[in-house]
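In our numbering, the protein residues as written are -19 to 105.
Reading through the structure tokens given below for one structure.
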Amino acid sequence: SAPQIVARDLNKIGVGYNSDMLRIVGDSVLTSPILDWRYDYRDLLQQVLDGESLNNQNLWSGAEQGSWRLSDFSQRVPIEARLIIEEEYDKLRAGNDRIFCRANLMDNKGRIRNGATNPAVNPVP
């Protein structure tokens, strides 16, 4: 939470990580992705107890299984933005996201990151 506290003290906004930093830092934290490993641990532990191998297995189940979620939004997040975020989040939970696989996705330096010569795949192998 220290980076978010510094950002708040400098009158900046940010996004938390791994815990609900809105509750700790205040409304300068717009939202936080919260990791919740209990579902993954439960399933993995059961596989081990059942004598199954975990070799070559994706150990992260993602939003579809509840392994992560977003915290509440800060009051600074406009309703229009909340609606767009919720729409994309619903796609993630349903396993239908294409957020990082859109054609001709441009990075913060203006470079094309998903073009004909460098196509993205989803899910990432």
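Glycine included, C-beta positions come from ideal geometry on N, C-alpha and C.
Can you tell me where the beta strand (DSSP E) with Leu50 in it begins and where it stops? 48 to 50
To the nearest angstrom, how far is it from the Cα of Ser51 to the Cα of Gly42? Rounded to the nearest angstrom, the two C-alpha atoms are 16 Å apart.
In terms of residues, what are the limits of the beta strand (DSSP E) holding Ile14? Unbroken beta strand (DSSP E) run through Ile14: 13 to 15.
Limits of the unbroken alpha helix (DSSP H) element including Asp23: 18 to 29
If Val5 and Arg22 are in contact, beta carbons under 8 Å, what's the gap, nearest whole angstrom? Contact doesn't hold; Cβ gap of about 31 Å is too wide.
Closest residue to Leu15 among Asp0, Met86, Pro58 (Cα-Cα distance): Asp0
DSSP on Ile92, reduced to helix/strand/coil? strand
Val104 by DSSP, collapsed to three states: which one? Its pLDDT being 47, under 50, Val104 is placed unreliably in this model, and the value from its coordinates should be taken loosely. Of the three classes helix, strand and coil, the one that applies to Val104 here is coil, per DSSP.
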